[in-house]
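Report on the structure given below.
In full-length UniProt numbering, the protein residues as written are 1 to 248.
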């Protein structure tokens with residue numbers, strides 16, 4: 001009985017590690033493997049509850065990338081109200097226990113986040129360089145993030161993670177709906193085997209997208225609009241009269 005319990009605890013610890021590495025460290029590494037293209041050899045691994053999760057090999061890497069997509073019944077402005085709020089990660093990103101902006105603007109900022117890990121694994125923290133771009137014509141918004149070094153002191157008892165590639169794309173599809181596409185590839189440091197990471201590339205994004213789908217319906221994210229200046233997306237703000245979301 002004891003050996004069985006020990007085995008379960010080890011499996012749980014590994015799952016938490018992989019969850020962190022492929023989900024809680026979203027980022028676009030400026031140096032490292034590029035994300036697979038839209039025309040890459042994507043293979044559908046799960047298609048249920050309105051969510052599709054695909055995986056693809058990346059040349060030169062032992063670790064696969066995933067692409068998760070779904071449609072939200074809310075406009076892009078409402079989804080972006082969630083994405084611009086750092087603390088929202090604690091509601092839909094697994095085991096995120098702290099998050100805050102460090103510096104910068106809506107378009108170009110640095111954020112800090114912490115992931116709580118079960119014993120005996122050390123907690124992980126990371127700094128993200130977040131770039132947000134939008135097209136006023138199409139209403140499409142892209143969020144690219146890079147896990148980077150520096151910008152915040154290393155914390156005792158935590159392991160700083162600095163490498164992962166992520167792209168979030170939010171596209172209006174009419175009737176006040178938003179199409180989300182989330183592409184991510186991570187090269188985790190350490191001795192975590194690639195087969196273990198690859199085995200969890202479906203369940204983790206699937207469950208996370210389901211959670212995000214609930215979060216975007218929270219009242220606090222209603223009544224927002226996207227702000228463009230000289231053709232550039234500069235912010236997402238609450239409407240003064242709270243008259244409803246933008247159609248985009």
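From the three backbone atoms N, C-alpha and C, an ideal C-beta is built for every residue, glycine too.
Computed from a prediction, not measured in an experiment: that's the story for all the values here.
Query	Result
Taking only the alpha-carbon atoms, compute the straight-line gap between residue 43 and residue 78 and give it to the nearest angstrom.	30 Å
Have a look at 141, 102, 220 and flag the residue whose alpha-carbon is nearest the alpha-carbon of residue 153.	102
For residue 23 and residue 204, what's the separation of their Cα atoms in angstroms?	Low per-residue confidence applies at residue 23: pLDDT is 46, beneath 50, and the placement is therefore not dependable enough to give any value.
Counting pairs of beta carbons, one from the segment 65-72 and one from the segment 86-94, are three or more of them closer than 8 Å?	no
Taking only beta-carbon positions, decide if residue 100 is within less than 8 Å of chain C.	This model lacks chain C altogether, as it is built from one protein chain only.
Using the Cβ count rule (16 or more neighbours within 10 Å means buried), how would you classify residue 217?	exposed
Which of the three DSSP states, helix, strand or coil, is assigned to residue 35?	coil
What residue does the beta strand (DSSP E) around residue 172 start on, and which one ends it?	165-174
Which residue's Cα is closest to the Cα of residue 144: 114, 232, 228, 109?	109
For residue 230, which of helix, strand or coil comes out of DSSP?	coil
Quick one, are the C-beta atoms of residue 170 and residue 46 less than 8 Å apart?	no
Would a C-beta distance cut-off of 8 Å place residue 226 and residue 133 closer than the cut-off?	no
Rounded to the nearest angstrom, how far is the Cβ of residue 56 from that of residue 39, given a contact under 8 Å?	Incorrect: roughly 10 Å between the Cβ atoms, too far for contact.
Straight-line CA distance for residue 176 to residue 223?	13 Å
Closest by CA to residue 174, which one among 140, 231, 146, 183?	140
Quick one: is residue 100 buried, meaning 16 or more other Cβ sit within 10 Å of its Cβ, or exposed?	exposed
Could you give the distance in angstroms between the alpha-carbon of residue 229 and the alpha-carbon of residue 105?	14 Å
Return the residue from the list 129, 36, 178 that minimises the CA-CA distance to residue 163.	129
In the DSSP assignment, find the beta strand (DSSP E) that holds residue 100 and state where it starts and stops.	96-104
Helix, strand or coil: how does DSSP classify residue 78 here?	helix
Determine the extent of the alpha helix (DSSP H) in which residue 52 is found, giving its start and end residues.	Segment 51-56 is the beta strand (DSSP E) holding residue 52; no alpha helix (DSSP H) there.
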